[in-house]
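Student: In my numbering, the protein residues as written are 3 to 54. Sharing a structure below in structure tokens format, with a few things to ask.
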């Protein structure tokens, strides 16, 4: 699914977080989701590309 704007992407991410929190979290914090939301799970791939 292609999202047209960053705001649309954030809105979908928020709705997913709310769904997971409501139906699957059992009152626990969604730590991995919070990391994903903060982009902490996205590696900096620029360091993996060698300079040519």
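Each residue gets a CB set at the ideal place from its N, CA and C atoms; glycine is no exception.
What would DSSP say about residue 23, mapped onto helix, strand or coil?
Tutor: In the structure shown, residue 23 sits in a helix (DSSP, three-state: H, G or I).
Student: Report, in whole angstroms, the separation of the C-beta atoms of residue 32 and residue 23, which I expect to be a contact under 8 Å.
Tutor: Residue 32 to residue 23, Cβ: 6 Å. Contact.
Student: Looking only at its own chain, which residues have a Cβ that is under 7 Å from the Cβ of residue 2, when we skip the five neighbours before and after it?
Tutor: The displayed coordinates of the chain run from 3 to 54. Any statement about residue 2 would go beyond what the structure contains.
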